[in-house]
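In UniProt numbering, the protein residues as written are 1 to 264. For reference, the structure is listed below as structure tokens.
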Amino acid sequence: GKEARASLEFAEDSRETEWVHPSFAALLYQGKVKWDLMHPFPRQSDEDKKIGDAFLEKLEAYLEANYDADEVDRTGEIPDSVLKGLADLGCFAMKIPTKYNGLGLSQVNYNRALYLTGSYCGNLTALLSAHQSIGVPQPLLMFGTDEQKEKFLPRFRDGAISAFALTEANAGSDPRAMTTAATPTEDGSHYIINGEKLWCTNGTKANVIVVMAVTPPKIVRGKERKQITAFLVEMDTPGVEVLHRCRFMGLKALYNGVIRFTDV
Numbered sequence: 001g002k003e004a005r006a007s008l009e010f011a012e013d014s015r016e017t018e019w020v021h022p023s024f025a026a027l028l029y030q031g032k033v034k035w036d037l038m039h040p041f042p043r044q045s046d047e048d049k050k051i052g053d054a055f056l057e058k059l060e061a062y063l064e065a066n067y068d069a070d071e072v073d074r075t076g077e078i079p080d081s082v083l084k085g086l087a088d089l090g091c092f093a094m095k096i097p098t099k100y101n102g103l104g105l106s107q108v109n110y111n112r113a114l115y116l117t118g119s120y121c122g123n124l125t126a127l128l129s130a131h132q133s134i135g136v137p138q139p140l141l142m143f144g145t146d147e148q149k150e151k152f153l154p155r156f157r158d159g160a161i162s163a164f165a166l167t168e169a170n171a172g173s174d175p176r177a178m179t180t181a182a183t184p185t186e187d188g189s190h191y192i193i194n195g196e197k198l199w200c201t202n203g204t205k206a207n208v209i210v211v212m213a214v215t216p217p218k219i220v221r222g223k224e225r226k227q228i229t230a231f232l233v234e235m236d237t238p239g240v241e242v243l244h245r246c247r248f249m250g251l252k253a254l255y256n257g258v259i260r261f262t263d264v
């Protein structure tokens, strides 16, 4: 219907903004295949592999000596001492460039690290992955200002943890249904966020969180379109409240929660 079409157009407008190539899948429906995207398959260089091997050796030694996955499953908690040790290794800054005190690992070596942690505990892998993929570091590296990068990225080398807040009671795969709103102040210098988010991965453990909120509409392709903006919010900001920790079978130490934002 009309609403479904509007949701589709909203998703396409958001997704295609940064595209530099046409959709691979869309071209398949036209009988076209961009073989250069698949062949030859990129291989990790020897130099990059050595960098990854050195980090993985330290990470595996640390996990073997300090990480008790059975205890984590029993208690539903990853000990703070373990998180501190992982921070000392740089596990919360794996892909952050060295200029921001990160490890500067390639995507391949980052994937190898998560493959290793996954062999020990899914809870730990979920925490590290959410923090560095949908959490603050990756979107900040891609779209943040220099000022934001200087402010936030070095903190992750010291063990700061980030979270992600998109889903709501009536908005998940359809972000257009989102109701959490960020309203500009009269002078335009700030936004005030109000709303409630569900299934916020790392939300009960995070220091800073990416919050998706509706902002004033804009004209896109001749039509007024609802806008959604990503905000970086410090979890100790007045008005940020963790209402509930969500529990999961099989991932008992997943730090996932319901978070309310009141005049943040």
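Even glycine gets a Cβ: it sits at the ideal position worked out from N, Cα and C.
Legend entry - Classification of Glu168 by the beta-carbon crowding that lies within 10 angstroms, buried from 16 upward: The residue given as residue 168 occupies position 168 in the sequence shown. Glu168 comes out buried.
Inset, instruction - Taking all protein chains shown into account, decide if Lys84 is buried (16 or more other Cβ within 10 angstroms of its Cβ) or exposed. - result: As a working mapping, residue 84 is identified with position 84 in the sequence shown. So Lys84 ends up on the exposed side.
Legend entry - Ala177 versus Asn194: straight-line alpha-carbon distance, rounded: Taking the sequence shown and counting its residues from 1, one reaches residue 177 at position 177. Taking the sequence shown and counting its residues from 1, one reaches residue 194 at position 194. If I take the Cα positions, the gap works out to 15 Å.
Inset, instruction - Measure the Cβ-Cβ separation of Val208 and Leu243 and say whether it is below 8 Å. - result: Position 208 of the sequence shown, counted from the first residue, corresponds to residue 208. Position 243 of the sequence shown, counted from the first residue, corresponds to residue 243. Cβ distance not < 8 Å, so Val208 and Leu243 don't count as in contact.
Legend entry - N-terminal and C-terminal residue of the beta strand (DSSP E) that Asn194 is part of: Taking the sequence shown and counting its residues from 1, one reaches residue 194 at position 194. Its beta strand (DSSP E) spans residues 191-201.
Inset, instruction - Out of Glu241, Gly144, Phe152, Leu89, state which residue places its alpha-carbon closest to the alpha-carbon of Val56. - result: As a working note, residue 56 is residue 56 in the sequence shown. The question names Val, but residue 56 in the sequence shown is Leu. Among Glu241, Gly144, Phe152, Leu89, the Cα nearest to that of Leu56 is on Leu89.
Inset, instruction - Measure the C-alpha to C-alpha separation of Glu150 and Leu141 and round it to an integer number of angstroms. - result: Taking the first residue of the sequence shown as position 1, residue 150 is located at position 150. Taking the first residue of the sequence shown as position 1, residue 141 is located at position 141. Approximately 11 Å, taken between the alpha carbons.
Inset, instruction - Give the secondary structure of Arg74 by DSSP, where H, G and I count as helix, E and B as strand, and everything else as coil. - result: Translated into positions along the sequence shown, residue 74 becomes position 74. Helix.
Legend entry - As assigned by DSSP and simplified to three states, the class of Gln132: On the sequence shown, position 132 is the one that residue 132 refers to. Helix, per DSSP.
Inset, instruction - Please name the residue, chosen from Ala25, Ser106, Gly122, Pro22, that lies closest to residue 275 on a Cα-to-Cα basis. - result: In the structure displayed, the chain extends from 1 to 264; residue 275 sits before or after that span and is not available.
Inset, instruction - With a threshold of 7 Å, establish whether the CB of Lys50 neighbours any heavy atom of the ligand MN. - result: What this structure holds is no ligand at all, so the ligand MN is not there to describe.
Legend entry - Nearest neighbour of Gly239, chosen from Ile78, Gln227, His21, Ile259 [CA to CA]: Counting from 1 along the sequence shown, the entry for residue 239 is found at position 239. The candidate whose alpha carbon is nearest that of Gly239 is Ile259.
Inset, instruction - Give every residue of the same chain whose Cβ lies closer than 8 Å to the Cβ of Leu105, excluding the five residues on either side of it in the sequence, and list them in chain order. - result: On the sequence shown, residue 105 is found 105 positions in, with the first residue counted as 1. Closer than 8 Å at the Cβ level, and outside the excluded window around Leu105, lie Ile51, Gly52, Phe55, Met94, Lys95, Ala113.
Legend entry - Short Cβ contact (8 Å threshold) for Thr237 with Val211: The residue given as residue 237 occupies position 237 in the sequence shown. The residue given as residue 211 occupies position 211 in the sequence shown. For Thr237 and Val211, no; Cβs fall outside 8 Å.
Legend entry - Assigned secondary structure, Lys49 (DSSP; H/G/I helix, E/B strand, else coil): For this step, residue 49 is matched to residue 49 along the sequence shown. Correct three-state label for Lys49: helix.
Inset, instruction - Write down every uninterrupted run of the beta strand (DSSP E) in the UniProt domain "Acyl-CoA oxidase/dehydrogenase middle" (163-264) whose length is 3 residues or greater and which is fully enclosed by it, in chain order. - result: 181-184, 191-201, 208-220, 223-234, 240-246, 256-261
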